[in-house]
Amino acid sequence: MILTFVDGAEWESWLEHHHATESEAWLRIAKRRSPVPGISISAALDGALCFGWIDGQRRANDADSFLQRYSPRRPRSSWSKINVTRFEILEREGRVRPAGATEAAAARADGRWAAAYESQRTATVPDDLSAELVAHPRALVAFDRLDRTSRYAVILDLLRARTPQRRRALLSRHIARLESAEE
């Protein structure tokens with residue numbers, strides 16, 4: 050279902066009534082210079098976080114808007130550092146609802162909060178990946194040829210690993226894949 054809201058208050062009102070019963074909502078988000086009034090991407094995310102929901106896929110829509118998917122956060126899903134910071138601000142402002150507080154409490158209790166991952170804009174190559182790339186020159190060449198999004202996918206995989214064993218396995222898999230990449 051595609052929903053259109055003028056502002057964050059309308060979206061939060063919808064969430065108040067539907068956050069526990071709906072599995073997703075696609076919001077029509079106004080582009081920055083759109084003459085058509087509509088909810089902003091930041092207001093939409095703030096509302097979602099308050100109710101324990103999270104943003105997902107984004108799709109093109111028209112000249113004035115795009116579509117953004119929101120859904121309830123899955124059990125044990127990772128948190129980004131950006132969303133941790135935004136959530137803490139929403140908490141201080143008294144905007145977080147019980148469903149959102151429950152999700153954050155669970156993440157704090159099981160370590161996901163402290164393990165929040167960096168955004169694409171701020172993420173750097175982790176030391177273990179850097180060392181493996183230096184030790185595997187073909188993989189380094191292939192990694193250097195990746196576009197920014199593909200590099201971040203490799204980095205994010207490692208950042209999201211919940212155990213050292215899983216991280217080592219992912220690192221080995223990425224190095225092998227990079228070494229076998231066509232030139």
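Residue numbers for the sequence shown follow this note's numbering, beginning at 50 and rising by one. Ideal Cβ placement from N, Cα and C applies to all residues, glycine included. Since the structure is predicted, the reported quantities are computational estimates derived from the model, not experimental observations.
Asked                                                                                                   : Found
Where residue 187 sits in the DSSP three-state scheme                                                   : helix
Cα-Cα separation, residue 127 to residue 53                                                             : 28 Å
Beta-carbon spacing of residue 77, residue 114 below 8 Å                                                : yes
Inter-stretch contact (C-beta, 8 Å, three-pair minimum) for the segment 168–178 and the segment 138–153 : no
N- and C-terminal bounds of the beta strand (DSSP E) containing residue 109                             : 102–109
Three-pair Cβ contact test at 8 Å for the segment 105–125 versus the segment 163–174                    : no
Residue 207 beta carbon less than 8 Å from that of residue 200                                          : no
Pairwise C-alpha distance: residue 102 and residue 68                                                   : 8 Å
Between the CA atoms of residue 169 and residue 185 - distance to the nearest angstrom                  : 24 Å
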